[in-house]
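*Asks:* Residue numbers (our numbering), protein chains in the order written: chain A, 51 to 327; chain B, 51 to 327. For each residue, glycine too, the CB sits at the ideal point set by N, CA and C.
Number of protein chains: 2
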Amino acid sequence: MTDRTGALIAIGGHEDKDGDRVILRAVAERLQGGKLVIATVASHEPEGYFEAYRQAFSGIGVTDLVELYLDEREDTLDPTRQQLIASAAGIFFTGGDQLRIVSQMGETPLEELVRDLHARGGVVAGTSAGASAQSETMLVRGNGAESYRIGDLHLAPGLGLLSDVIIDQHFAERGRIGRLLGAIAHNPRLLGIGIDEDSAIIVEGRCFNVIGSGAVTIVDAGAVTHSNIAEAAPDRTLSLHHVVLHALSAGDRFDLDARQPLPGPVDPGKAEDKALS
Amino acid sequence: MTDRTGALIAIGGHEDKDGDRVILRAVAERLQGGKLVIATVASHEPEGYFEAYRQAFSGIGVTDLVELYLDEREDTLDPTRQQLIASAAGIFFTGGDQLRIVSQMGETPLEELVRDLHARGGVVAGTSAGASAQSETMLVRGNGAESYRIGDLHLAPGLGLLSDVIIDQHFAERGRIGRLLGAIAHNPRLLGIGIDEDSAIIVEGRCFNVIGSGAVTIVDAGAVTHSNIAEAAPDRTLSLHHVVLHALSAGDRFDLDARQPLPGPVDPGKAEDKALS
Numbered sequence: 051m052t053d054r055t056g057a058l059i060a061i062g063g064h065e066d067k068d069g070d071r072v073i074l075r076a077v078a079e080r081l082q083g084g085k086l087v088i089a090t091v092a093s094h095e096p097e098g099y100f101e102a103y104r105q106a107f108s109g110i111g112v113t114d115l116v117e118l119y120l121d122e123r124e125d126t127l128d129p130t131r132q133q134l135i136a137s138a139a140g141i142f143f144t145g146g147d148q149l150r151i152v153s154q155m156g157e158t159p160l161e162e163l164v165r166d167l168h169a170r171g172g173v174v175a176g177t178s179a180g181a182s183a184q185s186e187t188m189l190v191r192g193n194g195a196e197s198y199r200i201g202d203l204h205l206a207p208g209l210g211l212l213s214d215v216i217i218d219q220h221f222a223e224r225g226r227i228g229r230l231l232g233a234i235a236h237n238p239r240l241l242g243i244g245i246d247e248d249s250a251i252i253v254e255g256r257c258f259n260v261i262g263s264g265a266v267t268i269v270d271a272g273a274v275t276h277s278n279i280a281e282a283a284p285d286r287t288l289s290l291h292h293v294v295l296h297a298l299s300a301g302d303r304f305d306l307d308a309r310q311p312l313p314g315p316v317d318p319g320k321a322e323d324k325a326l327s
Numbered sequence: 051m052t053d054r055t056g057a058l059i060a061i062g063g064h065e066d067k068d069g070d071r072v073i074l075r076a077v078a079e080r081l082q083g084g085k086l087v088i089a090t091v092a093s094h095e096p097e098g099y100f101e102a103y104r105q106a107f108s109g110i111g112v113t114d115l116v117e118l119y120l121d122e123r124e125d126t127l128d129p130t131r132q133q134l135i136a137s138a139a140g141i142f143f144t145g146g147d148q149l150r151i152v153s154q155m156g157e158t159p160l161e162e163l164v165r166d167l168h169a170r171g172g173v174v175a176g177t178s179a180g181a182s183a184q185s186e187t188m189l190v191r192g193n194g195a196e197s198y199r200i201g202d203l204h205l206a207p208g209l210g211l212l213s214d215v216i217i218d219q220h221f222a223e224r225g226r227i228g229r230l231l232g233a234i235a236h237n238p239r240l241l242g243i244g245i246d247e248d249s250a251i252i253v254e255g256r257c258f259n260v261i262g263s264g265a266v267t268i269v270d271a272g273a274v275t276h277s278n279i280a281e282a283a284p285d286r287t288l289s290l291h292h293v294v295l296h297a298l299s300a301g302d303r304f305d306l307d308a309r310q311p312l313p314g315p316v317d318p319g320k321a322e323d324k325a326l327s
């Protein structure tokens with residue numbers, strides 16, 4: 051295999067931390083005994099996050115854990131922090147505000163080190179805000195559980211580890227289909243990926259498989275025949291005809307370049323085995 | 051025109067009752083001065099419903115309003131109640147429990163009189179539970195705002211005024227995309243129609259147009275290539291590949307037989323004019 055790029059694991063938030071821990075195990079298995087950096091950068095008040103993950107991961111054999119936090123952008127120049135990522139087998143971005151991750155880390159040596167980690171085969175995982183930040187474009191604000199109105203949405207560039215997609219999280223739980231349709235209406239080049247809580251996609255190359263207890267919803271506006279997003283007033287409700295939607299669950303696989311589910315979903319019990327092969 | 055069938059108006063709940071009242075006006079305009087029956091049958095405690103609609107409709111010129119309630123199924127044999135519907139220009143089913151409407155009225159003379167009313171050009175409107183009851187199949191229970199699990203859903207036959215569809219309401223507000231996908235997965239012959247609050251479809255013949263402030267979401271599983279609904283355990287999350295979704299808003303029109311939006315959405319300000327022509 052010439053592509054040594056590691057896995058991206060995007061989690062919809064509230065992953066199980068004391069039961070089977072299917073999702074955290076998928077992270078752990080890819081560390082091969084190496085160090086995991088818990089990046090709590092998304093939070094304005096990071097206290098408690100690291101301890102929760104230390105407990106959750108130590109129960110499944112990951113003991114080499116360190117915390118990375120940034121009070122200010124200039125902390126990204128700190129050689130000690132840089133060394134944490136340079137020597138790690140993986141990084142896990144916890145939840146909070148995706149805009150904090152990107153505004154603190156964008157165009158810094160630390161961001162470059164995260165890219166290097168991914169390129170050399172390391173795991174880059176993120177939950178909630180940490181999942182959103184992986185994609186090319188992020189939703190940073192937009193109401194859930196209501197009709198999507200054209201002026202509602204705020205997008206921002208993400209870390210861009212995963213191109214041509216926009217990831218939204220807590221998807222079913224916060225009724226976010228409307229805002230994700232609004233996001234892809236802006237530019238149908240972006241594929242919308244909505245990840246429910248305790249659910250994740252594991253991206254290897256340009257394919258991913260689904261693990262966890264909930265659904266992953268894909269919305270594809272590539273074949274849309276009518277959109278009013280550029281014509282209508284901000285308080286107008288979106289019209290978007292002929293969106294393709296895929297409801298995916300554990301064991302399903304998806305090709306991001308073909309924008310299609312892959313045939314023959316694997317047995318959910320064996321999904322992890324196949325993903326590792 | 052040989053088809054004298056009247057309009058069906060299915061409303062997603064919480065329609066505006068003291069502002070412009072766009073949706074209630076659409077009902078009022080079709081009465082042509084005739085009597086409107088407010089059927090509060092869906093509610094176990096109907097007190098207050100009639101008065102709220104009396105006030106809302108009287109402000110837009112509808113003064114001939116009567117309430118219809120059924121304590122028991124045998125009330126459907128009451129000639130006074132039968133005469134109410136026989137002499138009406140329209141009926142409006144208020145919210146509550148769709149199962150109460152159908153279990154009280156199904157296969158009774160009153161149900162037949164509602165069909166006759168529709169067939170002779172009368173309006174049959176319904177909001178929330180009253181909207182669900184119009185469709186061939188109704189969702190009677192199923193969680194919103196979470197991943198759809200295969201065992202979650204309870205379906206029941208509706209009044210069947212609108213065939214080949216299943217209507218869900220409070221759609222964006224209660225995060226119901228998952229349960230509607232679950233419903234259409236059962237039999238993709240049924241087209242799923244999710245109506246947001248203060249939003250409605252006006253069905254005339256086999257086409258409808260959208261009015262109100264929110265969205266109407268159509269999900270069509272006709273072209274689905276993979277479904278796990280019959281294979282998977284009840285607590286498994288749904289997989290459903292290649293669903294077609296249409297986000298519709300005021301002015302959009304849709305052909306239920308072709309299962310396609312109609313070209314050239316009308317100007318939302320003029321939607322009502324065109325629907326009447």
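If I measure Cβ to Cβ from Met188(A) and keep anything under 8 Å in the same chain, skipping five residues before and after, which residues do I get?
*Replies:* Cβ neighbours of Met188(A) beyond the five flanking positions: Gln148, Leu149, Val152, Ser182, Leu205, Ala206, Pro207, Gly208, Ile216 and Ile217.
*Asks:* In chain B, what lies closer than 8 Å to Gly264(A) by C-beta?
*Replies:* What Gly264(A) touches in chain B: Glu196, Ser197 and Thr287.
*Asks:* Which of helix, strand or coil does DSSP assign to Gln310(A)?
*Replies:* Three-state DSSP puts Gln310(A) in a strand.
*Asks:* What does the alpha-carbon distance come out to for the pair Leu58(B) and Gly192(A)?
*Replies:* Straight-line Cα distance between these residues: approximately 33 Å.
*Asks:* Please identify the residue among Ser277(B), Asp66(B), Gly146(B) and Gly62(B) whose C-alpha is closest to the C-alpha of Gly109(B).
*Replies:* Nearest of Ser277(B), Asp66(B), Gly146(B) and Gly62(B) to Gly109(B), Cα basis: Asp66(B).
*Asks:* Compute the distance between the beta-carbons of Ser249(A) and Val269(A), then report whether it is under 7 Å.
*Replies:* No, these two residues do not count as a Cβ contact at 7 Å.
*Asks:* Taking buried to mean at least 16 other C-beta atoms within 10 Å of its own C-beta, is Phe247(A) buried or exposed?
*Replies:* With the sequence shown as reference, residue 247(A) is identified as Glu, and Phe is not the correct amino acid for it. Buried.
*Asks:* Since Gln184(B) sits in a beta bridge, which residues does DSSP pair it with?
*Replies:* None, per the DSSP bridge assignment.
*Asks:* Should Arg199(B) be labelled buried (16 or more other beta-carbon atoms within 10 Å of its own) or exposed?
*Replies:* Buried, by the Cβ-count rule.
*Asks:* Using 7 Å as the limit for Cβ to Cβ distance, is Leu295(B) near chain A?
*Replies:* Yes, Leu295(B) counts as interfacial toward chain A.
*Asks:* Less than 7 Å between CB atoms is the rule here; does Glu65(B) satisfy it with respect to chain A?
*Replies:* It does not: the Cβ of Glu65(B) has no partner Cβ on chain A nearer than 7 Å.
*Asks:* Out of Ala139(A), Gly63(A), Arg123(A) and Gly56(A), state which residue places its alpha-carbon closest to the alpha-carbon of Gly83(A).
*Replies:* Considering only alpha carbons, the answer is Ala139(A).
*Asks:* Label Pro96(B) either buried or exposed according to how many other C-beta atoms from any shown protein chain fall within 10 Å of its C-beta, with 16 as the threshold for buried.
*Replies:* Looking at its Cβ environment, which holds 16 or more other Cβ atoms inside 10 Å, Pro96(B) is buried.
*Asks:* Specify the secondary structure class of Leu203(B) as computed by DSSP and reduced to three states.
*Replies:* If DSSP states are grouped into helix, strand and coil, Leu203(B) belongs with coil.
*Asks:* What does His94(B) reach in chain A if we use C-beta pairs closer than 9 Å?
*Replies:* Within chain A, no residue comes near His94(B); the closest Cβ sits about 26 Å away, beyond 9 Å.
*Asks:* When burial is assigned at 16 or more other CB atoms within 10 Å of the CB, is His291(A) buried or exposed?
*Replies:* Classification of His291(A): buried, given that the 10 Å Cβ count is 16 or more.
*Asks:* List, in chain order, every chain A residue whose beta-carbon is nearer than 9 Å to that of Gly242(B).
*Replies:* Ordered by position in chain A, no residue passes the 9 Å Cβ test against Gly242(B), which lies about 11 Å from the chain.
*Asks:* Hey, does Glu281(A) have any beta-carbon neighbour from chain B nearer than 7 Å?
*Replies:* No, Glu281(A) lies away from the interface with chain B (no Cβ there is under 7 Å from its Cβ).
*Asks:* Quick check on the DSSP output: the beta strand (DSSP E) that includes Leu118(B) runs from which residue to which?
*Replies:* Here the beta strand (DSSP E) through Leu118(B) covers Leu115 to Leu118.
*Asks:* Once the 5 residues before and after Lys320(A) are set aside, which same chain residues still bring their CB inside 7 Å of it?
*Replies:* Since pLDDT at Lys320(A) reaches only 44, below the 50 mark, its modelled position is unreliable, and no value is offered.
*Asks:* Is there at least one Cβ from chain B nearer than 7 Å to Leu205(A)'s Cβ?
*Replies:* It does not; no Cβ of chain B falls within 7 Å.
*Asks:* If we cut at 7 Å on Cβ distances, does His220(B) have a partner in chain A?
*Replies:* Not an interface residue.
*Asks:* Closer than 7 Å by beta-carbon distance: list the chain B residues that pair up with Ile227(A), in chain order.
*Replies:* In chain order: Ile227.
*Asks:* DSSP state of Asp270(B), grouped into three classes?
*Replies:* In this structure, Asp270(B) counts as strand in the three-state DSSP scheme.
*Asks:* Note down, in chain order, every chain B residue with its Cβ under 9 Å from the Cβ of Ala300(A).
*Replies:* Residues of chain B passing the Cβ test: Arg286, Thr287 and Ser289.
*Asks:* Might you give, ordered along the chain, the residues of its own chain that have their beta carbon closer than 6 Å to the beta carbon of Asp68(B), omitting 5 neighbours on each side?
*Replies:* Around Asp68(B): no qualifying Cβ.
*Asks:* Give me whichever residues DSSP pairs with Glu254(B) in a beta bridge.
*Replies:* Answer by DSSP bridge pairing, in chain order: Cys257(B).
*Asks:* Where does the unbroken beta strand (DSSP E) through Val294(B) begin, and where does it stop?
*Replies:* Leu290 to Leu298 is the span of the beta strand (DSSP E), which, as asked, contains Val294(B).
*Asks:* State the start and end residues of the unbroken beta strand (DSSP E) segment that holds Gln219(A).
*Replies:* Note, Gln219(A): beta strand (DSSP E), Leu212 to Gln219.
*Asks:* Buried or exposed: which applies to Arg131(B), given that a residue is buried once 16 or more other Cβ atoms fall within 10 Å of its Cβ?
*Replies:* Buried, by the Cβ-count rule.
*Asks:* Taking a contact to mean a Cβ-Cβ separation below 7 Å, would you say Ile135(A) touches Leu163(A) in this structure?
*Replies:* Yes; because the gap between Cβ atoms is below 7 Å, this pair is in contact.
*Asks:* Determine, using beta carbons only, whether Ile73(A) and Gly262(A) come nearer to each other than 7 Å.
*Replies:* A contact, by the Cβ cut-off of 7 Å.
*Asks:* Using the beta-carbon of each residue, which ones in chain A are nearer than 9 Å to Pro311(B)?
*Replies:* The answer, in chain order, is Thr275, His276, Ser289, His291 and His292.
*Asks:* Take Leu288(A) as the anchor and find which of Leu203(A), Pro129(A), Leu118(A) and Gly264(A) has the nearest alpha-carbon.
*Replies:* Of the listed residues, the one whose Cα sits closest to Leu288(A) is Leu203(A).
*Asks:* From Ala179(A) to Ala282(B), what distance separates their C-alpha atoms?
*Replies:* Near 31 Å, if we compare the C-alpha coordinates of Ala282(B) and Ala179(A).
*Asks:* Going along the chain, which residues of its own chain have a beta-carbon closer than 8 Å to the beta-carbon of Arg104(B), five neighbours each way excluded?
*Replies:* Contacts found: Ile88 and Leu115.
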